[in-house]
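Right, one structure below, let's go through it.
Chains as they are written, first to last, in the numbering used here: chain G, 20 to 267; chain A, 5 to 219.
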């Protein structure tokens with residue numbers, strides 16, 4: 020046997036066989052687990068949206084979503100409307116939360132009309148407008164769900180990322196970072212300014228809510244810049260919708 | 005020791021200390037730098053490598069007589085990649101929260117040179133049981149160093165352990181911070197991981213002079 024293993028024919032046959040076997044194993048795993056994985060992702064989106072508007076099971080320091088079993092009921096209870104904004108046209112779509120932001124961003128680059136989803140939630144008599152946004156961090160994508168009131172003052176935010184550095188950039192999904200956004204203004208004197216992640220705002224406790232700045236995470240400069248840029252460019256697209264709220 | 009002969013037991017215990025993959029063989033340094041900024045990530049990486057290296061070593065060992073030597077590195081790579089993808093998919097399906105925390109680390113296991121190193125140096129020449137022990141031993145030896153480095157970097161860099169503020173609150177100035185202690189942000193950057201590993205190597209070699217190479 021061992022003398023055969025060096026022949027070219029054997030090598031080629033072995034490689035072919037291995038590719039087929041490995042391919043089959045992986046295809047089997049991928050296709051049999053896909054429905055479960057997709058369902059997990061769908062539930063996560065609902066959990067993220069609810070988290071942003073304050074429907075969560077947070078304890079003192081950690082971020083905890085509503086549990087998987089409850090999420091469907093809570094979502095239909097709190098989320099009153101799901102809108103899709105296309106230019107000046109606003110329509111309702113019960114599956115707007117499934118819109119893939121990444122695909123829409125690519126479509127916009129190709130010159131197509133982008134669909135902007137916006138979720139309207141109500142809790143304790145307050146109305147929340149929750150926008151999903153997506154941008155670039157240091158290594159890969161970062162994204163967020165930002166809940167605002169009608170004046171574009173942030174009421175809650177959930178940040179997440181694909182592969183930021185553990186202990187540094189990955190801390191954007193920590194409570195101490197996300198909670199800094201609560202109460203922060205996106206507008207400055209009526210114009211959209213966004214919220215910058217600042218390393219020099221002399222306000223580490225984030226008492227000043229109208230400075231359009233929150234305190235940065237040490238060692239996560241590029242991730243922070245990515246988050247600032249994402250907020251600035253993505254939430255700006257919603258300004259015209261918020262303006263229609265004022266005139267009504 | 006009915007289960008393990010003396011030789012077999014050495015396969016597990018050697019990599020733990022005198023033949024440690026990181027401090028002696030100097031394998032797996034890249035991941036030791038990249039993911040040890042916090043303790044939790046270190047632990048998770050250690051467990052994942054334990055799993056992949058244990059099983060991978062057995063698979064390679066079982067195939068050792070039929071692998072054509074010309075393409076053996078590619079075959080090894082495919083085995084690691086397959087195992088890692090399966091782990092990733094299973095976690096995504098059944099432990100979604102956990103798989104989110106692990107994120108990129110799972111994929112990074114493929115690039116861990118300890119795994120390819122053990123396949124090449126041990127599993128290709130030894131039987132499955134011995135290979136399994138060797139895999140576990142090396143993964144534990146790797147994991148221990150990772151956890152030690154992660155412990156010091158998180159403690160001195162962020163003042164926390166597993167996310168708990170063990171030294172007090174740096175902003176509210178409680179605990180140790182009330183007497184003027186400050187976190188060392190440099191600990192969070194990759195160069196300090198290398199220095200911590202260096203200190204471990206120093207301590208280990210000064211305790212066991214047999215490890216010092218002749219120049």
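Glycine included, every Cβ here is placed at the ideal spot set by N, Cα and C.
Note that the structure is predicted; figures quoted are calculated from it, not measured.
Residue burial classification, residue i (beta-carbon count within 10 angstroms, cutoff 16)
{"i": "residue 135 of chain G", "result": "buried"}
{"i": "residue 173 of chain A", "result": "exposed"}
{"i": "residue 202 of chain A", "result": "exposed"}
{"i": "residue 196 of chain G", "result": "buried"}
{"i": "residue 46 of chain A", "result": "buried"}
{"i": "residue 57 of chain G", "result": "exposed"}
{"i": "residue 234 of chain G", "result": "buried"}
{"i": "residue 231 of chain G", "result": "buried"}
{"i": "residue 199 of chain G", "result": "buried"}
{"i": "residue 166 of chain A", "result": "exposed"}
{"i": "residue 20 of chain G", "result": "Low confidence applies to residue 20 of chain G: its pLDDT is 47, below 50, so where it sits in the model is not reliable enough to give any reading."}
{"i": "residue 5 of chain A", "result": "In this predicted model, residue 5 of chain A has a pLDDT of only 42, less than 50, meaning its place in the structure is not dependable; the value taken from the coordinates is given anyway. So residue 5 of chain A ends up on the exposed side."}
{"i": "residue 31 of chain G", "result": "exposed"}
{"i": "residue 119 of chain A", "result": "buried"}
{"i": "residue 190 of chain A", "result": "exposed"}
{"i": "residue 67 of chain G", "result": "buried"}
{"i": "residue 42 of chain A", "result": "buried"}
{"i": "residue 135 of chain A", "result": "buried"}
{"i": "residue 101 of chain A", "result": "exposed"}
Spatially closest choice to residue i from the options, by CA coordinates
{"i": "residue 132 of chain G", "options": "G/107, G/139 and G/214", "result": "G/107"}
{"i": "residue 179 of chain G", "options": "G/110, G/229, G/82 and G/137", "result": "G/82"}
{"i": "residue 44 of chain A", "options": "A/178, A/26, A/176 and A/156", "result": "A/156"}
{"i": "residue 26 of chain G", "options": "A/50, A/115, A/73 and A/41", "result": "A/73"}
{"i": "residue 95 of chain A", "options": "G/48, G/62 and G/167", "result": "G/48"}
{"i": "residue 53 of chain A", "options": "A/150, A/158 and A/188", "result": "A/150"}
{"i": "residue 92 of chain A", "options": "A/111, A/59 and A/84", "result": "A/111"}
{"i": "residue 89 of chain G", "options": "G/75, G/170, G/102 and G/251", "result": "G/75"}
{"i": "residue 39 of chain A", "options": "A/210, A/153 and A/134", "result": "A/153"}
{"i": "residue 197 of chain A", "options": "A/35, A/12 and A/19", "result": "A/35"}
{"i": "residue 46 of chain G", "options": "A/122, A/86, A/81 and A/164", "result": "A/86"}
{"i": "residue 16 of chain A", "options": "A/37, A/88 and A/146", "result": "A/146"}
{"i": "residue 172 of chain G", "options": "G/61, G/94, G/208 and G/97", "result": "G/208"}
{"i": "residue 84 of chain A", "options": "A/68, A/102 and A/61", "result": "A/61"}
{"i": "residue 205 of chain A", "options": "A/23, A/106, A/9 and A/119", "result": "A/23"}
{"i": "residue 208 of chain A", "options": "A/26, A/11 and A/10", "result": "A/26"}
{"i": "residue 142 of chain A", "options": "A/48, A/76 and A/55", "result": "A/55"}
{"i": "residue 30 of chain A", "options": "A/103, A/116 and A/163", "result": "A/116"}
{"i": "residue 264 of chain G", "options": "G/168, G/41 and G/163", "result": "G/168"}
Proximity test, residue i beta-carbon vs the ligand FAD heavy atom, cut-off 7 Å
{"i": "residue 126 of chain A", "result": "Looking for the ligand FAD in the displayed structure turns up nothing, as the structure carries no ligands at all."}
The beta strand (DSSP E) enclosing residue i, as first and last residue numbers
{"i": "residue 138 of chain G", "result": "135-142"}
{"i": "residue 146 of chain G", "result": "145-155"}
{"i": "residue 167 of chain G", "result": "160-167"}
{"i": "residue 108 of chain G", "result": "108-111"}
Extent of the continuous alpha helix (DSSP H) to which residue i belongs
{"i": "residue 48 of chain A", "result": "43-66"}
{"i": "residue 182 of chain A", "result": "Where residue 182 of chain A is concerned, there is no enclosing alpha helix (DSSP H), given that its DSSP letter is neither H nor E."}
{"i": "residue 79 of chain A", "result": "76-98"}
{"i": "residue 13 of chain A", "result": "10-17"}
{"i": "residue 144 of chain A", "result": "132-162"}
{"i": "residue 130 of chain G", "result": "Residue 130 of chain G -> no alpha helix (DSSP H), and no H or E assigned at all."}
{"i": "residue 173 of chain A", "result": "Counting along the chain, residue 173 of chain A falls outside any alpha helix (DSSP H), and DSSP gives it neither H nor E."}
{"i": "residue 242 of chain G", "result": "240-255"}
{"i": "residue 205 of chain A", "result": "194-211"}
{"i": "residue 38 of chain A", "result": "33-38"}
Under 7 Å from the C-beta of residue i: neighbouring residues of chain G
{"i": "residue 72 of chain A", "result": "24, 25, 29, 30 and 33"}
{"i": "residue 189 of chain A", "result": "237 and 238"}
Under 7 Å from the C-beta of residue i: neighbouring residues of chain A
{"i": "residue 224 of chain G", "result": "175"}
{"i": "residue 55 of chain G", "result": "97"}
{"i": "residue 49 of chain G", "result": "93"}
{"i": "residue 37 of chain G", "result": "79 and 82"}
Amino acids of chain A, ordered along the chain, whose beta-carbon sits closer than 9 Å to that of residue i
{"i": "residue 157 of chain G", "result": "Result: empty, since nearest Cβ-Cβ is about 11 Å, beyond 9 Å."}
Chain-ordered neighbours of residue i on chain A, where CB pairs are closer than 8 Å
{"i": "residue 229 of chain G", "result": "What residue 229 of chain G touches in chain A: nothing, since even the nearest Cβ is about 21 Å away."}
{"i": "residue 44 of chain G", "result": "86 and 90"}
{"i": "residue 59 of chain G", "result": "96, 97 and 100"}
{"i": "residue 52 of chain G", "result": "93, 94, 96 and 97"}
{"i": "residue 41 of chain G", "result": "82 and 86"}
Chain G residues whose Cβ lies nearer than 8 Å to that of residue i
{"i": "residue 158 of chain A", "result": "186"}
{"i": "residue 162 of chain A", "result": "186"}
{"i": "residue 26 of chain A", "result": "Those within 8 Å of residue 26 of chain A in chain G number zero; the least Cβ separation is about 18 Å."}
{"i": "residue 75 of chain A", "result": "30, 33 and 34"}
Closer than 9 Å at the beta carbon, the chain G residues around residue i
{"i": "residue 213 of chain A", "result": "Going along chain G, no residue has its Cβ under 9 Å from residue 213 of chain A, so there is no contact; the nearest lies around 35 Å."}
Item checked: Within the stretch 177-233 of chain G, ranges of the beta strand (DSSP E) (whole runs, at least 3 residues) -> For secondary structure counted as the beta strand (DSSP E) over 3 or more consecutive residues, the stretch 177-233 of chain G holds these complete runs in sequence order: 215-217.
Note to self: Could you tell me which whole alpha helix (DSSP H) segments of length 4 or greater appear in the stretch 21-98 of chain G?
What the structure shows: Within the stretch 21-98 of chain G, the complete alpha helix (DSSP H) segments of 4 residues or longer fall at 27-71 and 90-97, listed in chain order.
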